[in-house]
Amino acid sequence: MDLVIRRARRSDKPDVLAAVRTIWGGQDRIPDVFDRWVTHRTGPFFVAESGGRVVGMGKLTVVSPTEAWLEGGRVAPRWRRKGIATALIAHRVAYARDRGFRVLRFSTASDNTPIHRAARHFGFTRVGA
């Protein structure tokens with residue numbers, strides 16, 4: 002699979018909205034934050050693209066000069082289990098490290114086992130239930 006991770010562009014909006022249409026029962030917050038996130042004011046919003054289509058996304062939000070928050074990690078349902086979420090995490094972690102961030106945090110459902118496994122791989126420590 003050809004996978005390119007790059008900064009999101011305004012022109013990605015239709016693909017991003019299509020990718021999240023059925024996530025969270027159609028109530029995903031990405032449609033509400035896309036326009037704000039794509040401007041990069043609080044940190045970069047990345048998309049994962051395969052075959053010219055957006056298949057995943059993730060935001061790195063700057064909290065302080067040394068701390069950032071990973072949020073908005075999504076993979077279109079039919080593209081899951083192909084390593085896309087892991088690639089998006091790896092990209093954001095590398096981006097943050099290259100810029101001197103020492104603390105990275107994120108929140109996810111307690112039963113999201115695939116992300117918990119990926120998080121351990123990248124050195125994250127679980128701090129909640």
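Residue numbers for the sequence shown follow this note's numbering, beginning at 2 and rising by one. Beta carbons: idealized from backbone N, C-alpha and C, even for Gly. Keep in mind that this is a model prediction, so the values were computed, not measured.
Legend entry - Contacts around P32, its chain only, beta-carbon distance under 6 Å, and the 5 residues preceding and following it disregarded: L18
Legend entry - Per DSSP, cross-strand counterpart(s) of I6: A49
Legend entry - Nearest neighbour of F102, chosen from V63, R75, K14 and A86 [CA to CA]: V63
Legend entry - For G44, the three-state DSSP class (helix, strand or coil): coil
Inset, instruction - Evaluate P66 with the Cβ neighbour count: other Cβ atoms within 10 Å of its Cβ, from every protein chain shown; 16 or more gives buried, anything less gives exposed. - result: exposed
Inset, instruction - Identify whether G27 lies in helix, strand or coil by the three-state DSSP scheme. - result: helix
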